[in-house]
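Have a look at the structure below, then the notes.
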Amino acid sequence: MQVTSPHFKSNVTKALNDVNLQKAMGHVQGGFIQKRVAAANALPEFEALRDAARDIKNHTLAHIDLYLEAWERKVIAAGGHVHWAETAEDARNIVLDICRSLKAKTVTKGKTMIAEEIGLNEFLEEKGITPIETDLGEYIIQIRNEGPSHIIAPAVHVTMEQVVDDFRRVHTHLDPNRSMDDPVTLLSEARDVLREKFLAADVGITGANFLIAETGTSVIVTNEGNGDLTQTLPKAHIVLASIEKITPTLDDVAQILRVLARSATGQDMSVYTTFSTGPRRSDDPDGPGEYHVVVLDNGRSKMLGTEFQEMLRCIRCGACMNHCPVYHSVGGHAYGWVYPGPMGAVLTPSLVGVDKGGHLPNASTFCGRCESVCPMRIPLPKMMRHWREREFEQHLSPPIARWGLKLWAFAAKRPWLYHFGAGIKGPLLAWLGRKNGRFTTMPLAEGWTRHRDLPAPQGKTFQQQWKARKAA
Amino acid sequence: MSSRDAILSRIRRSLGANGIDIDRRATVSDRLQRPPKGLIPQRGQLEQSAKVDLFQTMAERAAASVTRLKDASEIPAAVSDYLRSKNLPQAIRRGSDPRLAELDWSSQPNLDVSIGRSAGGELAGLSHAFGGIAESGTLVLASGEENPTTLNFLPEYHLVVIDAEDVAGDMETIWARLRAAYGKGEMPRTVNMVTGPSRSGDIEQTIILGAHGPRSLHIMIVGA
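Pasting the structure below:
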């Protein structure tokens, strides 16, 4: 997938002026947040389970090489195949080889972020193989020729009216005057169109929420059932998973599942949690004839042992973006790659480089809501701060920011100068803004005041007030 | 160097570990041999009849319908009644599960019972669950000739029989039973955990039932 993260600022301007996007983003703030808090409050052990889930992943990451080896042995013993991919290109070629070995013409796909990360659809199309997204949200964005804007609700940026237009445009075999005035009709239409594709597909590709070392099992968690049809009906099931999906045991998975769906959609369990181990067996009347897992590194092994290791605990629930004020305002596409929101702001620079993704960790108010809801207790703001430091160290931040910081540092290291400056600036701004208590325009800060007012200070500095209170 | 070895050696370099590290290997093999149970919520830790009640409550909350049958012999009539209540043809597809095969299906002369996987055209499928999880109202189904996986997903209506005694309080108990039934470290090809009928929230975050899987999930609890 094309990385447009370096153009984050212009992406944002576009997003803020996109009427449909702003309307659609309203649905994120309501639904997800209330549902999550209700599900979490209904389980007294929820906070303790977050600790347990964090500890399991920390243990796993410290032994990840050994758990991957143990998992691989079990997959092979169950008749499956493991393919190791160092890069996105390696992973694409592995998938293509499997498809070609089966003379595949169409490939159905369950929702997989790894496929987005490696740009699989475009690649398969170039090679003459038709990929068909089967998750409703993924299907909508595929026919719109867009990428996902959310990791679990890929079409969250699309309004219902837009879906109606897209279905009329693409489903030309249906009556053009049919009534399509509610989501139920739209879902039924997609169900009917995709049912035929499921039955005709040669290969099914899914992601994985977990790979289990104890049993050589891959796990998908879904609500629609599309992932299950994708992997059960074709000749081969290909699982795309990154290395950090490995989890030691079935019991460990049970612990993490208790926080996954609650954090994502506010369900106790998603509708379908499916554990797959190897291909069709001798007495099986159904199931895929071949079972392949492509296990992808693509930069993750280099995050181990660094200040970004904890990011590898992420289970892709989406809670961080559901609670992020920046994400609410600009949507997922503005982030310019596959992973948006706070988790994307940390992961994108790790995987595509801080030179390309450096804007993203700057797009944060450090309000801390992401960390407070993260089921795996990933310190997202701290890691964004690490990226800002790296960006500064590598001289990637813009000159004006660097000069500004240098000027500030010069004053901060000389308290008399700092007090002197603050002592002038505070009262001056307070006097200028005395009428409204706020500024609607401000020289050098138009970027801020174009979208919101700047509150005027009340006149005295923090230290002056501190002294006054101590004296009182 | 193969991609496999390149990835594993990069991981070891990042972790500052080496492949022959005896302590790390012992830790890993110990966890895989004796999986620690973790924190089990109190919610499902009840006596058996209360577990079954909780299972029903939670399944209904997930939009499944539930009926209780005193005895397995009531299943054929219950299947027929359910199909009638939904205005469906009297036809059902099931696997070869002996617990379903031994029932007196001839007691329902109008009910057409066929056996095998689903090819996609059936309106109603019948499965026997391996077990249930009270904590979340979740059915656990194991693949195989006895209960083909396609029956869980292709028919529009999925009917599932579960023995009341097979309802567990939590997922961890199901793992213990699967290990006992299939062997340690072994799994059926597919284990489906099913909590309610299929749904999607992908259009404006409004939850609608009946996405790609069954539109309706009907659970018959036997022996309670």
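Read top to bottom, the protein sequences are chains A and B.
Just so you know, the numbering used here puts 53 at position 20 of the first sequence, and the rest follows in order with no gaps.
Just so you know, the numbering used here puts 1079 at position 202 of the second sequence, and the rest follows in order with no gaps.
By construction, the Cβ of each residue, glycine as well, lies at the ideal position given by its N, Cα and C atoms.
From a predicted model like this one, the values you see are computed outputs, not experimental measurements.
Within the region 305-326 of chain A, the residues whose Cβ lies closer than 7 angstroms to some Cβ of chain B are Y305, T306, T307, F308, S309, T310, G311, R313, R314, D316, D317, P318, D319 and G320, listed in chain order. Sequence-distant partners of P1032 of chain B (beyond 5 residues in either direction) whose C-beta falls short of 8 angstroms from its own C-beta, in its chain, are R970, S995, E999, L1000, A1001, G1002 and P1091.
Apart from sequence neighbours up to five positions away, the residues of its chain that approach G374 of chain A with a beta-carbon distance below 6 angstroms are C353, M354, C357 and Y360, ordered along the chain. With 16 or more other Cβ atoms from the protein chains shown falling within 10 Å of its own Cβ, E343 of chain A counts as buried.
Sorting A:E229, A:Q195, A:A234 and A:L227 by C-alpha distance to the C-alpha of P216 of chain A places A:Q195 at the top.
Under the three-state reduction of DSSP, R333 of chain A is assigned to coil, being neither helix nor strand. Across the set A:L129, A:L135 and A:S134, the C-alpha of A:L129 shows the shortest separation from the C-alpha of N154 of chain A.
Closest in alpha carbon position to T307 of chain A, among B:V1068, B:A1045 and B:P918, is B:V1068. At a cut-off of 9 angstroms between C-beta atoms, T1027 of chain B counts as an interface residue with respect to chain A. Residue nearest to E247 of chain A within the set A:A48, A:A103, A:W449 and A:K90 is A:A103 (criterion: CA-CA distance). Residue burial is scored here from C-beta neighbours: H206 of chain A has fewer than 16 other C-beta atoms within 10 angstroms and is therefore classed as exposed.
The beta carbon of I165 of chain A does not come within 9 angstroms of any beta carbon belonging to chain B, so the residue lies off that interface.
Within the same chain, P164 come within 6 angstroms of L157 of chain A by CB-CB distance, once the 5 residues on both sides are set aside. Going by DSSP, A352 of chain A is part of the alpha helix (DSSP H) stretching over A352 to N355. Ranked by Cα distance from H40 of chain A, the first of A:L450, A:G369 and A:R125 is A:G369. Straight-line spacing of the CA atoms in E222 of chain A and N53 of chain A works out to 23 angstroms. As a beta-bridge residue in DSSP terms, T250 of chain A pairs with A:I245. When beta bridges are read from the DSSP output, A1001 of chain B appears opposite B:Y1034. Looking at the DSSP output, W117 of chain A sits in a beta bridge with A:V328. Taken in chain order, the whole alpha helix (DSSP H) runs of length 4 or more contained in the region 369-447 of chain A are 374-385, 387-390, 392-395, 402-406, 413-426 and 432-445.
A contact is defined here as three or more CB-CB pairs under 8 angstroms, and the region 248-256 of chain A fails this definition with respect to the region 219-233 of chain A.
With fewer than 16 other Cβ atoms inside 10 Å of its own Cβ, D388 of chain A counts as exposed. Following the DSSP letters along the chain, one finds F308 of chain A in no alpha helix (DSSP H) but inside the beta strand (DSSP E) bounded by residues Y305 to S309. DSSP, read as helix, strand or coil, puts V956 of chain B in helix. About 18 angstroms separates the beta carbon of V956 of chain B from that of A1041 of chain B, a gap too long to meet the 8 angstroms contact definition.
Here R1076 of chain B carries a strand assignment [DSSP, helix/strand/coil]. Chain-ordered listing is empty here: chain B has no CB closer than 7 angstroms to the CB of Q35 of chain A, the nearest sitting near 24 angstroms. By the Cβ rule, the region 883-895 of chain B counts as touching the region 327-340 of chain A, because three or more pairs are nearer than 8 angstroms. For R889 of chain B, the number of other beta carbons within 10 angstroms of its own is at least 16, and it is reported as buried. Under a 10 Å Cβ-count criterion, Q67 of chain A is classified as exposed, with fewer than 16 other Cβ atoms of the shown protein chains found around its own Cβ.
DSSP places M1097 of chain B inside the beta strand (DSSP E), whose first and last residues are S1093 to V1099.
Rounded to the nearest angstrom, the gap between the Cα atoms of D199 of chain A and T93 of chain A is 44 angstroms.
Of the candidates A:R447, A:K439, A:W441 and A:P394, the residue whose Cα lies closest to the Cα of R423 of chain A is A:P394. Taking the CA atoms as reference points, A501 of chain A sits about 52 angstroms from P918 of chain B. Here D317 of chain A carries a coil assignment [DSSP, helix/strand/coil]. Just measuring C-alpha positions, the residue of A:P321, A:L169 and A:L227 sitting nearest D235 of chain A is A:P321.
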